[in-house]
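Below you'll find the structure, written out as structure tokens, and then a few comments.
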Amino acid sequence: MNPLIEFQQVCKYYHMGDSTVVAADHISFEIFPGEFVAIVGSSGSGKSTCMNIIGCLDVPSEGTYLLKGQDVGQMDKNQLAEVRNRLLGFIFQQYNLLPKLNLVENVEVPLMYAGVSKKERRERARQALEEVGLGDKWRHKPMELSGGQQQRVSIARALVGHPSVILADEPTGALDSRTGREVLGMLQDLHQQGHTVVLITHDNSIAVQAQRIIRLEDGKVVYDGPSDAPEAVVTPRFSGGEGRVRA
Amino acid sequence: MKITESLQLALKNIVSSKVRTLLTMLGIIIGVAAVIVIVGLGNGLETYVTDSFSSLGTNTLTVSVMSRGSTRSLDAEDFYEIVADNSQYLDLCSPTVPMMGYVKIGSETISSTTCTGVSEDYLDISGMTVASGRGLQYSDMLTRSKVCVIGAYLNQAYFGGNAVGQTLRVGGQSLEVVGVLAQKGDTLEEGGSDDCLYLPYTTAERISGQASTYTVTMRDENNIDQSVAALEASLYAVFASDDYYTVTSMAEMLDTMTSMINILVGVLAGIAAISLVVGDIGIMNIMLVSVTERTREIGVRKSLGAKERYIMQQFVIEAATTSALGGIIGILIGDGLSAVATAVISRISEESLTVAPTLGAVLLAFGISVGIGILFGYLPAKKAARLNPIDALHYD
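Pasting the structure below:
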């Protein structure tokens with residue numbers, strides 16, 4: 000089976016005035032279809048950079064990122080937009096629903112950019128809302144909903160285009176622990192249904208809900224393995240073979 | 000994403016912030032309305048002037064001559080000959096001799112009446128008809144008859160409607176009223192178009208001196224240039240200089256007046272159009288604010304797969320919709336104001352001047368407002384489309 004997501008020595012540099020910040024330092028990993036992977040790391044570890052690159056919002060400075068075998072680094076802005084539309088479903092920490100649109104219109108947005116006809120769009124969006132248990136609230140505006148409900152709408156929006164990868168960026172960050180668990184449960188359900196789910200978080204207790212953990216530190220991969228291994232949740236003092244002491 | 004969907008989205012945004020949109024559109028509304036009213040006013044003015052002139056006859060030429068010494072001069076008989084020589088172009092002719100003296104009827108002196116010595120053709124030339132009695136005749140010219148034709152005003156005001164057969168005095172000369180003209184104006188008033196008196200030019204020449212102005216009609220009013228040229232050639236032959244005569248055609252004067260009005264209206268409409276540009280700048284300003292406010296929305300849309308041109312399309316269409324909506328409201332207000340202006344003018348003055356909005360002005364004002372609206376909407380749209388999705392997503 001070919002990997003869905005393939006990072007080959009991916010580097011990302013940001014230029015801040017004269018100095019250069021290395022946000023991703025030769026990161027390599029593969030994610031296969033149907034996996035539920037958590038990318039964990041503290042702030043500044045490079046997990047956001049990773050998520051931006053996986054989400055095709057950004058391209059690597061060096062190295063290669065293959066999504067479904069396509070080299071994302073060689074794509075122009077329009078192609079990136081198309082890949083985001085067709086292959087990726089985003090779930091954000093702040094839900095990022097459009098406040099002026101009602102729920103079904105919000106869920107329709109990716110389909111609209113995919114050029115799906117109005118009738119089919121409405122049908123599929125209603126169905127997606129149905130699946131997250133909000134089918135009867137489709138006329139409501141996002142602000143009339145609780146945080147957990149809003150996040151369910153954003154899950155519906157992520158699913159509606161049948162993407163290859165569900166990319167969840169701190170999906171529980173803005174929720175209380177009970178609704179957070181609910182949302183995590185939904186992600187696990189999606190995984191059970193065969194979806195590929197990539198979860199980005201700083202929280203070990205959330206990361207362990209995934210099947211596999213990729214831990215990042217200072218832009219490098221320090222652990223890549225099953226989430227039930229003892230070292231998965233322990234931050235190693237020494238990373239990789241380079242033996243550099245973490246400050 | 001289809002244009003119609005962008006349009007629906009734009010309308011949704013416009014409706015959700017009504018007050019702001021209205022304020023944004025205000026400049027466009029005022030500009031479009033002003034252009035429409037001003038051009039309508041100019042149009043009405045032009046119609047008014049054209050109507051006034053055509054009642055004088057646009058196929059007439061007015062010739063003024065001066066005498067150049069004793070040898071090179073022109074009297075009425077000479078002028079008739081010139082007209083006869085150019086009969087392929089010229090038709091009727093009448094000397095016009097303005098009378099200086101006042102009209103005296105019984106013991107009353109009337110200073111307001113316009114008295115003119117004319118030929119038997121003058122009434123035809125100026126489109127006047129005799130209501131009672133007779134008009135002037137060729138024999139009156141030959142015999143220098145002491146007769147006159149008076150306007151409806153004098154008849155009503157001084158003769159109780161029975162002027163024919165009565166006498167009056169002009170410049171000390173006693174004249175018999177042989178005819179009364181049909182009423183021309185809407186009302187009879189002192190100094191108005193019905194306060195007039197015509198006597199044979201030969202009689203008038205005896206009192207006021209030789210005729211120096213002539214009114215000639217053309218056979219074909221489309222041959223103005225040839226007619227004028229032929230007449231001028233004959234006059235040049237007499238005077239051997241073009242300093243001693245002038246030939247003016249009514250049509251030319253009308254043209255001059257019309258082009259003056261057009262220039263005036265053009266300048267005013269141009270000033271009003273500046274407000275259109277200012278209005279569009281207002282739209283650009285609001286669109287820029289809106290792009291900043293909606294940075295996060297743009298980021299979300301981009302992350303969900305919106306290409307740059309969709310974002311661009313959305314904002315340009317929103318700018319275009321706003322300016323078009325402003326344009327439509329402006330057209331309605333402009334038309335309303337035109338109707339009000341027409342009513343007000345007819346109430347405060349007796350002249351009727353119709354402020355008529357023209358389709359051209361409406362289309363132009365609308366076109367400019369939408370055109371520049373799109374042009375100015377382009378800049379904010381470009382800004383929105385170029386936003387980096389990562390930055391836009393994390394914008395607060």
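Going line by line, the protein sequences match chains H and A.
If you read the first sequence in numbering that gives the first Met the number 0, its first letter stands for residue 0, the second for the next number, and so on.
If you read the second sequence in numbering that gives the first Met the number 0, its first letter stands for residue 0, the second for the next number, and so on.
The beta-carbon is built from N, C-alpha and C at its ideal position, and this holds for glycine as well.
Check whether the Cβ atoms of A:V148 and A:V177 lie closer than 8 angstroms to each other. Counting from 1 along the second sequence, the entry for residue 148 of chain A is found at position 149. Counting from 1 along the second sequence, the entry for residue 177 of chain A is found at position 178. In contact: A:V148 and A:V177 (Cβ atoms closer than 8 angstroms).
For H:G240 and H:Y222, what's the separation of their Cα atoms in angstroms? Start at 1 with the first residue of the first sequence, and residue 240 of chain H comes out as number 241. Start at 1 with the first residue of the first sequence, and residue 222 of chain H comes out as number 223. For H:G240, the predicted model reports a pLDDT of 43, less than 50, meaning its position is unreliable and no value from the coordinates is stated.
Are any of the Cβ atoms in chain H nearer than 8 angstroms to that of A:A360? By 1-based counting over the second sequence, the position of residue 360 of chain A is 361. Not closer than 8 angstroms to any Cβ of chain H, the Cβ of A:A360 fails to qualify, so no.
Which whole runs of the alpha helix (DSSP H) in the stretch 144 to 217 of chain A are 4 residues long or more, in chain order? 151 to 158 and 200 to 207
Cβ neighbour criterion (16 or more within 10 Å) applied to A:Y137: Residue 137 of chain A sits at position 138 when you count from the first residue of the second sequence. Its Cβ having fewer than 16 others within 10 Å, A:Y137 is exposed.
Measure from the C-beta of A:K301 to each C-beta in chain H and report whether the shortest distance is under 8 angstroms. Along the second sequence, read from residue 1 onward, the residue named residue 301 of chain A stands at position 302. Cβ-Cβ to chain H under 8 angstroms: yes for A:K301.
Please confirm whether H:G240 has its beta-carbon closer than 8 angstroms to some beta-carbon of chain A. Along the first sequence, read from residue 1 onward, the residue named residue 240 of chain H stands at position 241. Model confidence at H:G240 stands at a pLDDT of 43, short of 50, so the residue's coordinates are unreliable and nothing is read from them.
Test: A:S53 CB closer than 8 angstroms to a CB of chain H: As a working note, residue 53 of chain A is residue 54 in the second sequence. Answer no: the Cβ-Cβ gap between A:S53 and chain H never drops below 8 angstroms.
Pick from H:Y112, H:K67, H:D57 and H:V159 that is closest to H:V103, judged by C-alpha positions: The residue given as residue 103 of chain H occupies position 104 in the first sequence. For the residues H:Y112, H:K67, H:D57 and H:V159, the minimum Cα distance to H:V103 belongs to H:V159.
Put A:G269 into one of helix, strand or coil per three-state DSSP. Translated into positions along the second sequence, residue 269 of chain A becomes position 270. DSSP places A:G269 in helix when its eight states are reduced to three.
If you run the structure through DSSP and keep just helix, strand and coil, what is A:K306? As a first step, residue 306 of chain A is located in the second sequence; it is residue number 307 there, counting from the start. If DSSP states are grouped into helix, strand and coil, A:K306 belongs with coil.
On the premise that H:P141 lies in contact with H:Q92, defined as a C-beta separation below 8 angstroms, what is that separation, rounded to the nearest angstrom? For this step, residue 92 of chain H is matched to residue 93 along the first sequence. For this step, residue 141 of chain H is matched to residue 142 along the first sequence. Incorrect: roughly 15 angstroms between the Cβ atoms, too far for contact.
Same chain only: Cβ atoms within 7 angstroms of A:E204, ignoring 5 sequence neighbours per side: Looking up residue 204 of chain A in the second sequence gives position 205. Cβ within range, chain order: V96, G116 and A210.
Separation of H:G54 from H:Q149, as counted between CA atoms: Reading the first sequence from its first residue, position 150 is the one you call residue 149 of chain H. Reading the first sequence from its first residue, position 55 is the one you call residue 54 of chain H. Their backbone Cα atoms lie some 21 angstroms apart in a straight line.
Report the start-end ranges of each alpha helix (DSSP H) in the stretch 122 to 167 of chain H that is 4 residues or longer and not cut off at the edges. 146 to 158
Which chain H residues are close to A:S5, counting only those with a beta carbon under 7 angstroms from its beta carbon? Counting from one through the second sequence, the residue named residue 5 of chain A turns up at place 6. Result: empty, since nearest Cβ-Cβ is about 10 angstroms, beyond 7 angstroms.
Verify the CB distance criterion: does A:Y309 have a CB-CB separation below 8 angstroms to chain H? Within the second sequence, numbered from 1, the residue matching residue 309 of chain A stands at position 310. Cβ-Cβ to chain H under 8 angstroms: yes for A:Y309.
Rounded straight-line distance, which links the Cα of A:T291 to that of A:A383: By one-based count along the second sequence, residue 383 of chain A stands at place 384. By one-based count along the second sequence, residue 291 of chain A stands at place 292. Distance between the alpha carbons of A:A383 and A:T291 is about 8 angstroms.
Using 10 angstroms around the beta-carbon of A:Q313, count the other beta-carbons present and answer buried if the total reaches 16, otherwise exposed. Position 314 of the second sequence, counted from the first residue, corresponds to residue 313 of chain A. Looking at its Cβ environment, which holds 16 or more other Cβ atoms inside 10 Å, A:Q313 is buried.
Where H:E107 falls, given that 16 or more other Cβ within 10 Å makes a residue buried: On the first sequence, residue 107 of chain H is found 108 positions in, with the first residue counted as 1. So H:E107 ends up on the buried side.
Looking at C-alpha atoms only, which residue of A:V48, A:A33, A:V64 and A:I29 is the closest neighbour of A:Y213? Taking the first residue of the second sequence as position 1, residue 213 of chain A is located at position 214. The option with the nearest alpha carbon to A:Y213 is A:V64.
For H:C55, three-class secondary structure by DSSP: For the purposes of this step, residue 55 of chain H is taken as the residue at position 56 of the first sequence. DSSP places H:C55 in coil when its eight states are reduced to three.
Which residues, taken in chain order from the stretch 144 to 176 of chain H, show a beta carbon closer than 7 angstroms to some beta carbon of chain A? none
Determine the extent of the beta strand (DSSP E) in which A:T61 is found, giving its start and end residues. One-based indexing of the second sequence puts residue 61 of chain A at position 62. Taken as a continuous stretch (DSSP letters only), the beta strand (DSSP E) holding A:T61 covers T59 to V64.
Any beta carbon of chain H sitting closer than 8 angstroms to that of A:K17? As a working mapping, residue 17 of chain A is identified with position 18 in the second sequence. Closer than 8 angstroms: no.
Within the same chain, show all residues whose beta-carbon is closer than 8 angstroms to that of H:L128, passing over the 5 residues directly before and after it, in chain order. For this step, residue 128 of chain H is matched to residue 129 along the first sequence. Result list for H:L128: L102, V103, V106, G134, K136, W137, V152 and A155, in chain order.
Taking 8 angstroms as the CB-CB cut-off, is A:G304 touching chain H? In the second sequence, residue 304 of chain A corresponds to position 305, counting from 1. Yes, because at least one Cβ of chain H sits closer than 8 angstroms to the Cβ of A:G304.
With three or more C-beta pairs closer than 8 angstroms as the rule, is the stretch 269 to 276 of chain A touching the stretch 22 to 38 of chain A? yes
Distance between H:S44 and H:A246 (C-alpha atoms, nearest Å): As a working mapping, residue 246 of chain H is identified with position 247 in the first sequence. As a working mapping, residue 44 of chain H is identified with position 45 in the first sequence. With a pLDDT of 41 at H:A246, under the threshold of 50, the modelled position of this residue cannot be trusted, and the question is left open.
Are A:L122 and A:G150 touching if we call contact CB-CB under 8 angstroms? For the purposes of this step, residue 122 of chain A is taken as residue 123 along the second sequence, with counting starting at 1. For the purposes of this step, residue 150 of chain A is taken as residue 151 along the second sequence, with counting starting at 1. Not closer than 8 angstroms, so no.
Quick one: what does DSSP say H:V196 is sitting in, helix, strand or coil? Position 197 of the first sequence, counted from the start, is the residue given in the question as residue 196 of chain H. Three-state DSSP puts H:V196 in a strand.
Quick check: does the Cβ of A:L196 come within less than 7 angstroms of any heavy atom belonging to the ligand FMN? Because no ligand of any kind appears in the structure shown, any question about the ligand FMN cannot be addressed here.
Closer than 7 angstroms by C-beta to A:M98: which residues in its own chain qualify, once you throw out the five before and the five after it? Chain order, please. On the second sequence, position 99 is the one that residue 98 of chain A refers to. So the qualifying residues of the chain are C114, T115, G116, V169, G170, A203, I206 and S207.
How many angstroms separate the CA atom of A:G43 from the CA atom of A:N221? Translated into the one-based positions of the second sequence, residue 43 of chain A becomes position 44. Translated into the one-based positions of the second sequence, residue 221 of chain A becomes position 222. Rounded to the nearest angstrom, the two C-alpha atoms are 25 angstroms apart.
Note down, in chain order, every chain H residue with its Cβ under 9 angstroms from the Cβ of A:N12. As a working note, residue 12 of chain A is residue 13 in the second sequence. Within chain H, the residues near A:N12 are K99.
My assumption, with CB atoms under 8 angstroms, is that H:V9 sits in contact with H:G62. Please give the rounded CB distance. Translated into the one-based positions of the first sequence, residue 9 of chain H becomes position 10. Translated into the one-based positions of the first sequence, residue 62 of chain H becomes position 63. Their Cβ separation, rounded to whole angstroms, is 4 angstroms, which keeps H:V9 and H:G62 in contact under 8 angstroms.
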